[in-house]
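Going by the working numbering, the first residue of the sequence shown is number 2, and it counts up by one from there.
Here the structure comes first, spelled out in structure tokens, and everything after it is commentary.
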Amino acid sequence: MSEDLQANRTREIDDYIQALFPPDEALAFTLRNSEAHNLPHINVSPNEGRLLYILAKMCGARKILEIGTLGGFSTINLARALPPDGKLLSLEYSTRHAELARANIVHAGLQKLVEVRVGAALDLLPQIEESGEGPFDLFFIDADKENYPGYLDWAIRLSRPGSVILSDNLIRNGAVINPPPDNETAQVIHRYNQELADNPRLDTMILPIIRESIDGLGITLVK
Ligand code: SAH
Ligand code: DHB
Ligand code: MG
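Below is the structure:
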């Protein structure tokens, strides 16, 4: 089969799965609202969002820390897995993104469970440790890729044995396999993936994810 046919087939398979489990009203609203406000199209796909929900529910997460909110699409999927007394804290650098996310979270009826905190995540994370808000049961790392290694260190610090750390965008259509010298992001993620593999405190699998191209979600268990 030619590469083009294979790419079409891959797209059809993702669409087939999404048609079986379509985004509901609140998720569709979030996507439309994000589009209307010209947010970049870098949210997780509906299928990946559902995977986040299922994983959070499977591990019985009560406290979730997300790094990188954007319009709150992944946030809403994750928060829906929480019990009524659960909490999701989401860190976002952009005030504009945070405000739109808050509106989408209110629309989804999740404002009691979710806090969007504005700032550079590497500034906020030490404050979260000092204020004793941890440990968290589940982390979703999805902000600026250059800081992923720093975010992983903080996630481990704010975890307990059994915590789950999810890392988005670990494959980048294969750019991470042999990263070209001019692709700094791919180089950082290439090293990040090796660190996930080598760290004796972590058990990790990288699940390929169908997006516009193939990407990947790191699924890590803290031992
Ligand atoms: N998790 C979202 C997508 C996040 S996109 C979803 O799937 O729906 C990445 C987000 O990280 C952007 O909104 C960007 O503004 C934010 N970001 C970038 N650098 C950051 C930093 N240093 N600290 C916190 N957020 C950052
Ligand atoms: C980009 C960032 C993301 O978090 C993502 O899921 C896809 C793309 C980006 O910055 O290009
Ligand atoms: Mg992402």
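Idealized CB from N, CA, C, for every residue including glycine.
beta-carbon residue 38 near ligand 1 non-hydrogen atom, thresh 7 Å: By 1-based counting over the sequence shown, the position of residue 38 is 37. Residue 38: no, Cβ never under 7 Å from ligand 1.
Chain-ordered list of residues that sit, by beta carbon, closer than 5 Å to a heavy atom of ligand 3: Those residues are 143, 169, 170, given in chain order.
Local Cβ density within 10 Å of residue 107, reported as buried at 16 or more and exposed below that: Sequence index remark: in the sequence shown, residue 107 carries index 106 (1-based). Burial call: exposed.
Inter-residue spacing [alpha-carbon to alpha-carbon] between residue 142 and residue 6: Taking the sequence shown and counting its residues from 1, the one referred to as residue 142 is at position 141. Taking the sequence shown and counting its residues from 1, the one referred to as residue 6 is at position 5. Going from the Cα of residue 142 to the Cα of residue 6 covers about 33 Å.
Under 8 Å between C-beta atoms of residue 139 and residue 117: The residue labelled residue 139 in the question sits at position 138 within the sequence shown. The residue labelled residue 117 in the question sits at position 116 within the sequence shown. In this structure, the beta-carbon distance from residue 139 to residue 117 does not fall below 8 Å.
Cβ-heavy atom distance, residue 74 to ligand 1, below 7 Å: Here the question's residue 74 lines up with position 73 in the sequence shown. Within the cutoff, so yes.
Local Cβ density within 10 Å of residue 42, reported as buried at 16 or more and exposed below that: The residue you call residue 42 lines up with position 41 of the sequence shown. The residue in question, residue 42, is exposed, as its Cβ has fewer than 16 Cβ neighbours within 10 Å.
8 Å Cβ cutoff met for residue 219 and residue 159: For the purposes of this step, residue 219 is taken as the residue at position 218 of the sequence shown. For the purposes of this step, residue 159 is taken as the residue at position 158 of the sequence shown. The answer is no: Cβ separation not under 8 Å.
Status (buried if at least 16 other CB within 10 Å, exposed otherwise) for residue 17: Residue numbering aside, residue 17 sits at position 16 when the sequence shown is read from its first letter. In the assembly as shown, residue 17 is an exposed residue. Its beta-carbon has fewer than 16 other beta-carbons within 10 Å.
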